[in-house]
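Beneath this line is the structure, given in structure tokens, with notes to follow.
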Amino acid sequence: MPGTRTLDGEPGGITTLVRAALPALPVVNRLPGVRKRPADQFGGLTWSRRGVAVQRARVDAYAAVCGFPRKDVVPLTYPHLLAFPLHTAIMADPAFPYPAVGLVHVENTITAHRAIVVGEEVDVTTAAGTPRPHAKGVLLDFVTTVSGGGGTAWESTSTYLRRGHTTDGEPRPGLTLPDPPTGGVEWRLPADLGRTYAGVSGDANPIHLWPLTAKALGFPRQIAHGMWTKARSVAAIENRLPEAVTVEVAFKKPVLLPGTVAYAARREADGWAFAVTSPRDASPHLVGRTTSA
Numbered sequence: 012m013p014g015t016r017t018l019d020g021e022p023g024g025i026t027t028l029v030r031a032a033l034p035a036l037p038v039v040n041r042l043p044g045v046r047k048r049p050a051d052q053f054g055g056l057t058w059s060r061r062g063v064a065v066q067r068a069r070v071d072a073y074a075a076v077c078g079f080p081r082k083d084v085v086p087l088t089y090p091h092l093l094a095f096p097l098h099t100a101i102m103a104d105p106a107f108p109y110p111a112v113g114l115v116h117v118e119n120t121i122t123a124h125r126a127i128v129v130g131e132e133v134d135v136t137t138a139a140g141t142p143r144p145h146a147k148g149v150l151l152d153f154v155t156t157v158s159g160g161g162g163t164a165w166e167s168t169s170t171y172l173r174r175g176h177t178t179d180g181e182p183r184p185g186l187t188l189p190d191p192p193t194g195g196v197e198w199r200l201p202a203d204l205g206r207t208y209a210g211v212s213g214d215a216n217p218i219h220l221w222p223l224t225a226k227a228l229g230f231p232r233q234i235a236h237g238m239w240t241k242a243r244s245v246a247a248i249e250n251r252l253p254e255a256v257t258v259e260v261a262f263k264k265p266v267l268l269p270g271t272v273a274y275a276a277r278r279e280a281d282g283w284a285f286a287v288t289s290p291r292d293a294s295p296h297l298v299g300r301t302t303s304a
């Protein structure tokens with residue numbers, strides 16, 4: 012894919028997030044280095060990180076926030092943190108046609124091929140492809156590969172929705188669960204959950220941090236990170252999953268903080284179905300399923 016870039020050292024942070032958000036600001040979005048190219052000129056971007064160390068302190072902090080036990084291998088969802096700086100770098104690139112503000116994470120699929128050991132060094136690559144059609148705009152797939160030891164250890168696809176004009180083609184159906192599990196156990200989520208998860212993940216999107224910053228972007232108050240919700244859901248059943256596994260989720264309704272949600276999981280023929288729902292009306296915040304990889 013054209014436009015490959017390599018990030019050296021420890022990239023990302025608040026500077027990259029701000030740079031990714033600047034194209035949403037009038038006048039500023041016309042400045043050189045900020046101005047975006049037209050969507051019809053976007054042929055894709057690939058960014059990579061080489062020799063990324065899987066650090067014990069970061070793994071343990073993430074596991075504690077997301078409900079995983081402390082182990083010598085990383086939680087199933089942890090490698091997303093290694094890819095997140097690449098996501099923001101792509102969004103901040105002038106060649107990427109859309110500002111980060113307004114992109115909605117609607118689906119995420121992870122396939123683990125083997126366990127990644129704490130202390131291991133891995134290479135991480137994320138590729139953003141050309142927009143594909145959606146009924147409400149366009150979808151952009153960010154495909155990540157984590158490799159080490161001579162092969163691919165972990166893969167994921169994060170799908171973002173950009174509302175507005177669509178592109179040519181027939182929209183593909185996303186993940187649906189015709190009969191998602193409901194009820195189950197209730198989780199009471201504190202007001203500072205978004206700030207806590209931002210501290211371990213690096214994802215300091217303002218919609219997750221404070222009521223005022225969330226309201227400025229159209230939410231009644233701060234919302235939980237979708238990838239925290241997925242991680243917490245996986246943590247509840249991880250000890251029943253095979254080492255090689257695929258976990259797909261669709262993010263439905265935002266989880267307002269503070270708040271209470273219900274989590275339920277059900278054994279299926281080749282894995283598990285699970286859902287995070289509202290205790291009041293069973294409307295879904297997240298639906299997901301696992302299958303053997």
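With my numbering applied, the sequence shown corresponds to residues 12 to 304, in that order. Idealized CB from N, CA, C, for every residue including glycine.
- The Cβ-Cβ distance between ARG173 and ALA106 does not fall below 8 Å.
- DSSP places THR163 inside the beta strand (DSSP E), whose first and last residues are 162–174.
- Residue environment for GLU118: buried (at least 16 other C-beta atoms within 10 angstroms of its C-beta).
- Taking the Cα of ALA164 as reference, the smallest distance to any Cα among VAL135, GLY195, VAL128, HIS124 is reached at HIS124.
- In its chain, beyond the 5 residues on either side, ILE218, PRO265, LEU267 have a beta carbon closer than 8 Å to the beta carbon of PHE230.
- Between MET102 and ALA138, the alpha-carbon positions lie close to 11 Å from each other.
- Annotation for LEU114: MET102, LEU151, TYR171, LEU172, ARG173 place their beta carbon closer than 8 Å to its own, counting only its chain and skipping 5 residues before and after.
- In its chain, beyond the 5 residues on either side, ARG232, GLN233 have a beta carbon closer than 7 Å to the beta carbon of PRO222.
- Rounded to whole angstroms, the Cβ separation of PRO80 and ALA72 is 14 Å, and the two are not in contact under 8 Å.
- SER244 carries a helical assignment under DSSP once its states are collapsed to helix, strand and coil.
- Under the rule that a run must span 3 or more residues, the beta strand (DSSP E) segments found entirely inside the region 87–150 read 114–123, 132–139, 143–145.
- By a beta-carbon distance limit of 8 Å, THR257 contacts THR301. Their separation comes to about 7 Å.
- Between VAL196 and the set ARG183, ALA286, GLY159, the nearest pair of CA atoms involves ALA286.
- Short of 6 Å from the beta carbon of TYR208, and not among the five residues preceding or following it, lie these beta carbons of its own chain, in chain order: VAL76, HIS236, TRP239.
- Of the candidates GLY282, ALA64, GLY270, ASP51, the residue whose Cα lies closest to the Cα of VAL149 is ASP51.
- Under DSSP, PHE53 shares a beta bridge with no residue.
- A straight-line Cα-Cα distance of about 11 Å links ALA304 and GLU166.
- Taking VAL70 as the centre and dropping the five residues before and after it, the same chain places the C-beta of VAL85, TYR89, VAL129 closer than 7 Å to its C-beta, in chain order.
- Here ASP152 is bridged, per DSSP, to THR170.
- ALA293 and GLY160 have their alpha carbons spaced roughly 44 Å apart.
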